[in-house]
Amino acid sequence: MNLKTVELTRGILEVDPTNISCEEIATINANLHRGASLVDLESKGGKLIFTIEKEHKTSAAKKSPE
């Protein structure tokens with residue numbers, strides 16, 4: 097996955113915390129500022145695994161039955 101150009105709607109990024117680049121941090125930050133949510137963050141095998149999902153706006157709240 098090319099972190100420079102991708103705008104995530106849903107994605108999993110694996111990052112080595114001992115060698116994370118400013119570019120990777122900026123990409124994660126930019127996606128979060130565009131309305132994405134960090135839905136999971138875990139550490140596995142020495143890597144940080146970010147799961148990011150863009151919120152999909154739905155129509156207004158459903159009307160309750162009368």
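Sequential numbering from 97 applies to the sequence shown in the working numbering.
Even for Gly, the Cβ is constructed at its ideal location relative to N, Cα and C.
- Rounded to the nearest whole angstrom, the CA to CA distance from THR114 to VAL135 is 22 Å.
- ILE124 counts as buried, since no fewer than 16 other beta carbons sit within 10 angstroms of its beta carbon.
- Non-local C-beta neighbours of LEU144 in its own chain, meaning closer than 6 Å and more than five positions away in sequence, comprise VAL111 and PRO113, ordered along the chain.
- Around the beta carbon of ALA132, 16 or more other beta carbons sit within 10 angstroms, so the residue counts as buried.
- With respect to ILE116, THR147 sits apart: the two C-beta atoms are not nearer than 9 Å.
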